[in-house]
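Written out below as structure tokens is the structure these notes cover.
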Amino acid sequence: MWFKNCFIYYLSSEFEHSQDSLEESLENQSFKEIGRQETDAYGWVSPLGRGHENLVYSANGAFLLSMRKEQKVIPASMVKEALEERVAQIEEAEGRKVYGKEKATLKDDILSLLKPKALTKSSHIYGYIDTRHELLVVNAGSASAADAFIELLIDSLGSLGAVRLMGEESPGAIMNQWVLGDLPSDLELTGQFDLQDPKDDRVIKIKGESDLELVKELLDDGFWVQKLGIRREEEFSAVLTSDLLLKSLKFEDELLKENDDIDSQATGPDGKLARLDADFVLMTQTMAQFIKELMQHFKVNTDKE
Numbered sequence: 002m003w004f005k006n007c008f009i010y011y012l013s014s015e016f017e018h019s020q021d022s023l024e025e026s027l028e029n030q031s032f033k034e035i036g037r038q039e040t041d042a043y044g045w046v047s048p049l050g051r052g053h054e055n056l057v058y059s060a061n062g063a064f065l066l067s068m069r070k071e072q073k074v075i076p077a078s079m080v081k082e083a084l085e086e087r088v089a090q091i092e093e094a095e096g097r098k099v100y101g102k103e104k105a106t107l108k109d110d111i112l113s114l115l116k117p118k119a120l121t122k123s124s125h126i127y128g129y130i131d132t133r134h135e136l137l138v139v140n141a142g143s144a145s146a147a148d149a150f151i152e153l154l155i156d157s158l159g160s161l162g163a164v165r166l167m168g169e170e171s172p173g174a175i176m177n178q179w180v181l182g183d184l185p186s187d188l189e190l191t192g193q194f195d196l197q198d199p200k201d202d203r204v205i206k207i208k209g210e211s212d213l214e215l216v217k218e219l220l221d222d223g224f225w226v227q228k229l230g231i232r233r234e235e236e237f238s239a240v241l242t243s244d245l246l247l248k249s250l251k252f253e254d255e256l257l258k259e260n261d262d263i264d265s266q267a268t269g270p271d272g273k274l275a276r277l278d279a280d281f282v283l284m285t286q287t288m289a290q291f292i293k294e295l296m297q298h299f300k301v302n303t304d305k306e
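As numbered in the numbering used here, residues 2 to 306 make up the sequence shown, in order.
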């Protein structure tokens, strides 16, 4: 349940749904098994996992959601081989060349034959809506996965005022200053740096605190911080990107242990739910405080129209 990658959005309008009304809206886009001729399928499932029906889990003013994605796995090499064989058969039988449009049609026909027999792979993308702090956070490994989550949520609700964090000043310039000595007092550097040369977009990756002087020299030469490893003591470490994403998020043992006593007080399904509730509250509170400070550091304007 602890998030590893965070795409962060602020809500530009008040989120008016209750748990019940949100649940009702998501039901229209609940997950349905992928069709024989479909390539992929998206839909909402219970964030509590198998055996649970509720599509929304609520705690401390935050709603946890889970999107299931299912894809047919058809190796490109298999399609290519089948297409080449089919083209060769036509050219030999009819004594003519097969060109672009006809090849595209043949490829579509091959895919139609392969889809019903193809294996499927599935994945889950989690996100939560923090109504108290007007935030939406999606745990996704890529921008396309985060976009799919947001698009499904918009389809379910009809509209959603969610805006990715964007600073009034260049995040790269501010992170440059952090490395050069102006780091906020509650943060420390972990020694991971991705630096970009604006002249040719060349990126240099550096790991190791001992290379900090080299990093500063590159910044003096005009490089910009693209990714920066940071740590909040006793809370988490992560890589902060210049588009204000958190990647490779790892919560500290000191924070994770705060709810250890819950395990000894309850067992079975009730115990698991109690631990999930406590962990979810702890994570959302920790992230809300950090995101608030992040928005201040990078001068994110959240004024509502």
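For every residue, glycine included, the Cβ atom is placed at its ideal position computed from N, Cα and C.
Looking at the DSSP output, glutamine 72 bridges to Asp41 and Lys122.
Inclusion of valine 57 and glutamine 20 in the CB contact set at 8 Å is warranted, their separation being smaller than that value. About 7 Å separates the beta carbon of arginine 233 from that of phenylalanine 291, a gap short enough to meet the 8 Å contact definition.
Annotation: asparagine 177 to leucine 277 spans about 38 Å, alpha carbon to alpha carbon. Three or more beta-carbon pairs separated by less than 8 Å are not found between the region 84–103 and the region 51–65, which leaves the two stretches without contact. In the DSSP secondary-structure assignment, leucine 137 is bridged to Tyr10 and Ile130. Beta-bridge annotation (DSSP): lysine 258 is not paired with any residue. In the structure shown, the three-state DSSP call for valine 216 is helix. For phenylalanine 194, the secondary structure class from DSSP, reduced to helix, strand or coil, is strand.
The Cβ atoms of serine 238 and lysine 258 lie no closer than 8 Å to each other. Below 8 Å, too few C-beta pairs join the region 29–41 and the region 89–105 to call them touching: fewer than three.
No Cβ-Cβ contact shorter than 8 Å links glycine 128 with leucine 166. When DSSP states are grouped into helix, strand and coil, valine 301 belongs to the strand group. In the structure shown, arginine 97 adopts coil according to DSSP, grouped into three states.
For isoleucine 35, there is no enclosing alpha helix (DSSP H), as DSSP marks it with neither H nor E. By the criterion of at least three beta-carbon pairs nearer than 8 Å, the region 98–109 is not in contact with the region 141–157.
Under DSSP, arginine 233 forms a beta bridge with Phe237. Pairing alanine 163 with leucine 12 gives a Cβ-Cβ distance under 8 Å. DSSP, reduced to helix, strand and coil, places serine 157 within a helical segment of the structure shown. Excluding residues up to 5 positions away in sequence, Asp41 and Lys122 lie with their Cβ nearer than 6 Å to the Cβ of glutamine 72 in the same chain.
Inclusion of proline 172 and serine 243 in the CB contact set at 8 Å is warranted, their separation being smaller than that value. Threonine 285 sits buried, since 16 or more C-beta atoms from the chains shown fall within 10 Å of its C-beta.
Taking a contact as a CB-CB distance under 8 Å, the pair asparagine 140 and asparagine 6 counts as one, their CB atoms being some 6 Å apart.
Assignment of glutamate 170 by DSSP, reduced to helix, strand and coil, places it in the coil class. Leucine 114 is classed as exposed because its beta carbon has fewer than 16 other beta carbons within 10 Å across all chains shown. The alpha-carbon separation between aspartate 202 and leucine 229 amounts to approximately 17 Å.
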